[in-house]
Each structure stands twice: as C-alpha cells, then as structure tokens.
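Please read the structure below before turning to the comments.
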Amino acid sequence: MSEKIIEKNKGLVKADFSFWVGLWMDKFYDGFEQKKILANKCPQCGTVFVPPRKICGKCKVQLPLDENWMELGDTGTLVNFTRTAYKVTDRRARKAKSLNDIGMVKINGSDTAIIYPLLDFEPDEIKIGMDVKIKWADEPKGGPSDIEGFVNV
Amino acid sequence: MDKVGIVGYNQVKLYTDANYGRYEMIFEAVRGAIDSAGLKKKDVSTVVSATNDYYDGRTISNCFTVEVGGAYLADESKVEMDGAHAMLYGLLRILSGNHKLAVVWGGSMPSSYPYHSARLYETDPTWERPNGYVNDITASGFQMRAYMDKYGVSREDIAKVAVKNRKNAAKNPLAVEESQNPNITLSNVLESDIYADPVTELMVAPPCDGVAAVLLAPEKQALKITDKPVWITGVGWNQETYYLGERDLTTSNSMEKAGKMAYDAAGINDPRNEIDLAELSELYAHEELIFSEALGLAEKGKGSQLSSEIGGELPINASGGAIGGDAPCATGLIRIIDAVKQIRGEAGEYQVNNVNRAIATGQIGMCAQNNIVYVLEGGK
Chain A
27 MSEKIIEKNK
37 GLVKADFSFW
47 VGLWMDKFYD
57 GFEQKKILAN
67 KCPQCGTVFV
77 PPRKICGKCK
87 VQLPLDENWM
97 ELGDTGTLVN
107 FTRTAYKVTD
117 RRARKAKSLN
127 DIGMVKINGS
137 DTAIIYPLLD
147 FEPDEIKIGM
157 DVKIKWADEP
167 KGGPSDIEGF
177 VNV
Chain B
51 MDKVGIVGYN
61 QVKLYTDANY
71 GRYEMIFEAV
81 RGAIDSAGLK
91 KKDVSTVVSA
101 TNDYYDGRTI
111 SNCFTVEVGG
121 AYLADESKVE
131 MDGAHAMLYG
141 LLRILSGNHK
151 LAVVWGGSMP
161 SSYPYHSARL
171 YETDPTWERP
181 NGYVNDITAS
191 GFQMRAYMDK
201 YGVSREDIAK
211 VAVKNRKNAA
221 KNPLAVEESQ
231 NPNITLSNVL
241 ESDIYADPVT
251 ELMVAPPCDG
261 VAAVLLAPEK
271 QALKITDKPV
281 WITGVGWNQE
291 TYYLGERDLT
301 TSNSMEKAGK
311 MAYDAAGIND
321 PRNEIDLAEL
331 SELYAHEELI
341 FSEALGLAEK
351 GKGSQLSSEI
361 GGELPINASG
371 GAIGGDAPCA
381 TGLIRIIDAV
391 KQIRGEAGEY
401 QVNNVNRAIA
411 TGQIGMCAQN
421 NIVYVLEGGK
C-alpha cells in the first residue's frame, strides 16, 4: 500500500480575484504614475495616512475624497527593518540564496509606515532613524510595485 | 457571570507531517474529549469549531467535518479564528441557558499546504499582497526588533525563552518531536539559521498538524459530569488596527486590554501574585515576553527577568507553549487544555505544584493582532 496524494484539482475551478482598489487608492496610484506620494489627513485627529485611508479607524469618520489631501516628498525615516533568509516574493516562502533587507519607512510628513525592500545597503549601515529615499520604477504603471524600494539618501 | 466548567478535553500528538488524515485526527480529538468525560454523542447539544478555509483548501471548511466533529444533525457553527475564539462562542452558547454540553474543537494540517502562502492572504490584496514583502515571516522580525529597540532587550534574553520552551516541550509527550530538546543551549538558538533577523529559526513556533477539543457545561451539569471541573471565571478579547505600519509593535495593546477585561471579570487586581501559571500562545519567543508584560506579569521591557521556568516564581508555558508545536486554529485551545491539565494535576512530567488559578491565551493575525485571554480556576 502506498500513500496516495491528490496534488490539486486542475481545471475544475479557477478563482483569480480582481480587486478594484477603490476611489481613494485610485487617486493614490494615479500619483504613483507621476512618481508622487499622495497622503490624506483625518479631519478629526490629524493623522496623515500613507497610503490614504477612506476611514480613520480611531475616530470612526470618513476622510473626504476631495479634501485633506497633500503631496509628500520621496524621502522618509527608517523606523524598523528586518533581514530575512526567505524569498519574500515567493509565495511558498522558500529559502533565498542571499538575504533580503526589508524596511518600514515613514514618508516625511506622514504618521504611518510603509514596507518595502532596502536596496543596496551594507548590512552594518542600516540603522533605525536613518534617512532613506524612494527608488521609483523607471516606468511606473500605477500599482504597488512602482516603488522598487528605498535607498540611502 | 454564571459558572461554566470545562469538563473534558483531548489533544492529539502534534506532528510536522502526521501520517494520518485530518478527519481521523479530528475524530480522535473530539471522540477522546467526549470519552474523557464519560459521555456519549447524544449528550452533545452544540458544536463550535475553529478551522480556516485557506488552511483546509476549501470554502465553508466545516461542511466536511460534521460527522467527525460530533455535529451529525446537531446545532453547529464555526469560527474562522483560533480554537480559543471558538471557545468564546461555545461559552456564550452555554451562558444562553439553552445548552447542557458544548463541544469546542479546532485544528488544521499545515503539512498539506504551504503555510506561509496562506498567511500571505491575510495581507491587503490592493496594497501589500501583490509584492509580498509583508508576510508573517518579515512581520516577526519587525516585531522583535521594535521590542528590543524600545527596551534595550538583548537577543540572548529572547533566546532564553526558546531554550526554556524547547526544554519544557521535551517533558510534554504531545509536543512536536522537532521542538523537544532537553539539552538545547542559548548558542543553539542564537546560531540557528536567520528567519527574519533578529528572529532565528529556533525562536519560531513550528507549524505542525494537530487538533484539540474541550467540552463545556453549565455549573449544575458540570458537577454531575466530573469531580474536577475547571471553571472559566474570566474572559477578555481585543483587536487592534490592521496595518503593521500603524501599530505599536513594541508591546501588545490588544493583549493588555483583553487581559484587563478578563482580570476584571475574575476579580484579579494583582495578576503577578494572584495567578499560579500562564499558558501563552507565543508564535515567536519574543511574543512570550511582550505578552507577559502586557498581561501585567512583568514590567514593560522586563519580561525576561521573570522566573518563568517550571518550579519558578510564575511558570509560563510549562508545556513548551506554541514553540512546542503550533497547530494553526488549535494552538490557543491547546494552551487552555494545558492550563486545565495543570489545575487538575494531570500534566505529568511538566506538572507545576499547587496550580489553582491559571491564565491561557490565543491569538490570530499578523503580530498577534487579536488576542483572547481566559482565567481558569479549580475547586467546586
């Protein structure tokens, strides 16, 4: 008797999702096409969100679509980082040949951090609190991969 | 709150790759819990399970577990979180006054799917998921670094938790074999492969196959079923914001609020002195320290100074905790079962002396976004 394993059921169902990002994120990704970071601000508590939010969870109010937006620069502060041995873009999380540095960065003028790779840093060079700058894709398409990562200023 | 008792329990042995099917595993856990209380299927009036559609590879994952979960033509429902959250639902069913016996079970088999891929589906599909930089692996590195950086905690302080829990797991016959190591040293942990720096592989609770079940009954019924009921005297739960970039990862605000809610219900004012033992769902070594601080068992940043080994001042995860094996959807329920075993004096080699009041926690989400805390007590 051998162990029978059903790998998957090919062809029966294909369930690729197509998510519309919504009006607020449409505006944000429109900015990416111009290599711009657009943030929005909660009218009640003043928190500046990147990416923009439709709702401020703390205040439970809707942020208006036509107001309280601001354009921020492409520099920020590194607030946290990790170095992983796993291929971060690999869905099965297999080991990578080299280590990847991933950083959490607050774009200057915002209160929330975004997470992208740290590109071309020497291991000892990475420090919490350091200034970093966005590296944009040469030809942005209006999606999350337009930011390739962060480089040293 | 009316008294609700845990009157039976069972947990299967955890395996990295269990050599039997998930239905047999669920059946073994649930049938074993019913047998442990000397009851029969007909005594069960409501069933609540915890499974996850992504982990099970099908939608409405409880539709296939009706028979093995003891829910054949029974009042049944599911929670897509940890088994500890399913127990909250079971508790509320009993408190409604309509039920005399609830079966609560949870579990999964990560050997049958890519666990990290399923965890990636927790991230925002319109922002973080397409790139995959935010996942449970990188999140653990952010969480540990945030905690270390804020309080000046060392890697060694955190590695000590992994050493303690892996040694404790060696005394627990149900822990996963790969975690059981009575001779593990600090340097074994620190020099193990990088997972997400500063987290190393041996600081991680390894995903494994497993199912656990408990039985709940109202006071009168509980006393008829067993002379060793364990009472749920407090429960608290809390959820924090979704995006990691908005959260304070140096602590666990949701655990702090959940703990306060549970302590208030149980009348606990000084948790460090009023609790005999804690079983915490630490998916990484650093989470045990973050949680024990959030639960008031140690001052902020000083969790590593607590004497938490078996025989220590306040034993934490005497069973080996989640580092002794993390069976997704079962882990919190297993913490509850281990606290119950300690109160009933049934923990065998990892038994702690004189445990009458214990806490147990479960979690779900990146960096433990949602936490649930139970206060459990012995006596009539």
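Chains A and B supply the protein sequences, listed in that same order.
Oh and the first sequence: position 134 is 160 in this note's numbering, straight run, nothing missing.
Oh and the second sequence: position 326 is 376 in this note's numbering, straight run, nothing missing.
Think of the CB as a built atom: it goes at the ideal place given N, C-alpha and C, for glycine as much as any other residue.
| Query | Result |
| --- | --- |
| In three-state terms, what does DSSP make of B/D207? | helix |
| Please confirm if B/P279 has its CB atom under 8 Å from at least one CB of chain A. | no |
| Within this structure, are the beta carbons of B/G88 and B/A225 separated by less than 8 Å? | no |
| Under 8 Å between the Cβ atoms of B/P378 and B/T66? | no |
| With 16 other CB atoms within 10 Å as the buried threshold, where does B/I234 fall? | buried |
| Where does A/S28 land, buried or exposed, given buried means 16+ other C-beta within 10 angstroms? | exposed |
| Give me the Cβ distance between B/T411 and B/V423, rounded to the nearest whole Å; I'm assuming they're in contact under 8 Å. | 5 Å |
| Looking only at its own chain, which residues have a Cβ that is under 6 Å from the Cβ of A/W50, when we skip the five neighbours before and after it? | P78, K80 |
| Is A/S28 close to chain B? Criterion is C-beta to C-beta, closer than 8 Å. | no |
| Would you kindly work out how many angstroms separate the C-alpha atoms of A/I63 and B/A100, rounded to a whole number? | 41 Å |
| Answer yes if the segment 119-137 of chain B comes into contact with the segment 375-389 of chain B, meaning at least three C-beta pairs across the two stretches below 8 Å, and no otherwise. | yes |
| Cβ of B/I393 within 8 Å of Cβ of B/A267? | no |
| Taking Cβ-Cβ distances shorter than 7 Å, what residues in chain A pair up with B/A389? | Here the premise fails: no neighbours, minimum Cβ distance about 32 Å. |
| For B/R72, collect the residues of the same chain with a Cβ closer than 7 Å to its Cβ; drop the 5 residues on either side in sequence, then sort them by chain order. | M159 |
| Give, in chain order, every residue of the segment 58-86 of chain B whose Cβ lies closer than 7 Å to some Cβ of chain A. | none |
| Along the chain, where does the alpha helix (DSSP H) containing B/S167 start, and where does it finish? | 165-170 |
| How would you label B/G361, buried or exposed, when you count the other beta carbons within 10 angstroms and need 16 or more for buried? | exposed |
| How far does the beta strand (DSSP E) with A/F176 in it reach, from first residue to last? | 173-178 |
| Where does the unbroken beta strand (DSSP E) through B/I409 begin, and where does it stop? | 407-414 |
| What separation, rounded to the nearest whole angstrom, lies between the Cα atoms of A/L104 and A/I154? | 5 Å |
| Using DSSP with H/G/I as helix, E/B as strand and the rest coil, what is B/V213? | helix |
| When the Cα of B/S190 is compared with those of A/V158, A/W162, A/M130, A/P166, which residue comes out closest? | A/M130 |
| Count the other C-beta atoms from every protein chain shown that fall within 10 angstroms of the C-beta of B/T193, then say buried if there are 16 or more, exposed otherwise. | Looking at the sequence itself, residue 193 of chain B is Gln, so the reference to Thr does not match. Answer is buried; the Cβ neighbour count reaches 16. |
| Between A/V74, A/K132, A/A119, A/D56, which has its C-alpha nearest A/G102's C-alpha? | A/K132 |
| Please determine whether the Cβ atom of B/K430 lies at a distance below 7 Å from any heavy atom of the ligand FMN. | Although the ligand FMN was asked about, the structure shown includes no ligands whatsoever. |
| Is the shortest distance between the beta-carbon of B/R205 and the beta-carbons of chain A less than 8 Å? | no |
| My assumption, with CB atoms under 8 Å, is that B/D259 sits in contact with B/A68. Please give the rounded CB distance. | 4 Å |
| If you follow the beta strand (DSSP E) that B/D388 is part of, which residue opens it and which one closes it? | Element bounds for B/D388: not the beta strand (DSSP E) but the alpha helix (DSSP H), 381-394. |
| What do you get for B/L236, buried or exposed, if any count of 16 or more other CB atoms within 10 angstroms of its CB means buried? | exposed |
| Counting only beta-carbon atoms, is A/L125 nearer than 8 Å to chain B? | yes |
| Compile a chain-ordered list of the residues in the segment 112-141 of chain A whose CB is closer than 7 Å to at least one CB of chain B. | Y112, V114, T115, R117, R118, A119, L125, I128, M130, T138, A139, I140, I141 |
| Have a look at B/F114, B/V390, B/D247, B/V129 and flag the residue whose alpha-carbon is nearest the alpha-carbon of A/P149. | B/D247 |
| Is B/S167 closer than 8 Å to A/A119 when the C-beta atoms are compared? | yes |
| Across which residues does DSSP place B/V123 in a beta bridge pair? | Note that residue 123 of chain B is Leu in the sequence shown, not Val. Per DSSP, none; premise fails for B/L123. |
| Out of B/N303, B/S162, B/V405, which one is the CA nearest neighbour of B/Y70? | B/S162 |
| Could you check the C-alpha separation between B/Q61 and B/W155 for me, to the nearest Å? | 9 Å |
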